[in-house]
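Colleague: Have a look at the structure that comes next, please.
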Amino acid sequence: QEFEAYFVGGFVRDYLLSLESKDVDITTNALPEDIEKIFENTVATGKKYGTITVFIEDIGFEVTTYRVDQKYLNHRKPESVIFSQKLKEDLSRRDFTINALAMNDKLEIIDLYNGQADLENHLIRAIGNPDERFKEDALRILRALRFVSKLDFSIDENTLLSMKSNLNLLNELANERVLQELEEIFKNPHNKSAVKYMKQIGFSDVLSDFSFGLEPYLKSDINLD
-13 QEFEAYFVGG FVRDYLLSLE SKDVDITTNA LPEDIEKIFE NTVATGKKYG
37 TITVFIEDIG FEVTTYRVDQ KYLNHRKPES VIFSQKLKED LSRRDFTINA
87 LAMNDKLEII DLYNGQADLE NHLIRAIGNP DERFKEDALR ILRALRFVSK
137 LDFSIDENTL LSMKSNLNLL NELANERVLQ ELEEIFKNPH NKSAVKYMKQ
187 IGFSDVLSDF SFGLEPYLKS DINLD
């Protein structure tokens, strides 16, 4: 039996931007059990969500079955997933257009949400209705800021308005997950661009610990690592 498989997400984005990418994600219509049968060296890293890590020599590739997320819990994780046979259904549940690009083994790009145009225009735009995307997973608000700090992209106006109106959902997330994203944001070279957006969406109103730091940092010539 033959299965479809595509590179997907951040790897494709970084490939098109000529950036080195650490993680190679692959999406397929093969079920987790099929993936385990086809490859000798596998680890069931997220089988419940359809993810099997396949090791080729010493390199791990995350291979995930096309899926449709069911109801999300606590604005973070889907309660369960339904496996799908359609690439389109899998791409539609992703966060931003620039992360919903797929690429086949001939390096042809499958772009159902104008992700390539947004890449060229240096734009971070949520797929579909941004409110739905951020209510599903509020961490995406911080992920948008992380991409700003990494790529120095702008955030699409509707996406930004939605980030602002859903910002209070961050209070419902585990502190360590929020902290992890914030550390990533400040590790990246364009973190001041991200801080400008933090100010714009009222970050200090929701995470009050930030109210002392954002202004002075923006005004200073220092770039924190």
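Just so we're aligned: the sequence shown equals residues -13 to 211 in the numbering used here.
Even glycine gets a Cβ: it sits at the ideal position worked out from N, Cα and C.
(1) Can you check the segment 133 to 171 for any alpha helix (DSSP H) of at least 4 residues that lies completely inside it and give the ranges in chain order?
(2) Going by other Cβ atoms of all chains shown within 10 Å of its Cβ, with 16 needed for buried, is K136 buried or exposed?
(3) Unbroken alpha helix (DSSP H) runs of length 4 or more, entirely within the segment -4 to 32: which are they?
(4) Ignoring anything shorter than 4 residues or poking outside the segment 28 to 110, list the alpha helix (DSSP H) runs there in chain order.
(5) Can you give the Cα-Cα distance for T50 and R79, rounded to whole angstroms?
(6) Would you list the residues sitting across from F(-7) in a DSSP beta bridge?
(7) How should E122 be labelled, buried or exposed, when 16 other C-beta atoms within 10 angstroms of its C-beta is the threshold for buried?
(8) Quick check: the Cα distance between D142 and G188, rounded to an integer number of angstroms?
(9) Could you give the C-beta distance for S206 and S197, rounded to a whole number, given that I count them as a contact under 8 angstroms?
(10) Count the other C-beta atoms from every protein chain shown that fall within 10 angstroms of the C-beta of V29, then say buried if there are 16 or more, exposed otherwise.
(11) To which residues does DSSP link A180 through a beta bridge?
(12) Find out if the Cβ-Cβ distance for the pair F(-7), M89 is shorter than 8 angstroms.
(13) Give me, in chain order, the residues of the same chain whose beta-carbon lies closer than 6 angstroms to that of A16; leave out the 5 immediate sequence neighbours on both sides.
(14) Let me confirm a value: D91 is counted as buried when at least 16 other C-beta atoms fall within 10 Å, else exposed. Which label applies?
(15) Quick check: the Cα distance between R(-1) and I84, rounded to an integer number of angstroms?
(16) How would you call F(-3), buried or exposed, if buried means at least 16 neighbouring beta carbons within 10 angstroms?
Modeller: Let me spell this out:
(1) 143 to 152
(2) buried
(3) -4 to 2 and 18 to 24
(4) 73 to 78 and 101 to 106
(5) 14 angstroms
(6) I12 and M89
(7) buried
(8) 17 angstroms
(9) Incorrect: roughly 16 angstroms between the Cβ atoms, too far for contact.
(10) exposed
(11) Note: A180 sits in no beta bridge, so no partner.
(12) yes
(13) F(-11)
(14) exposed
(15) 6 angstroms
(16) buried
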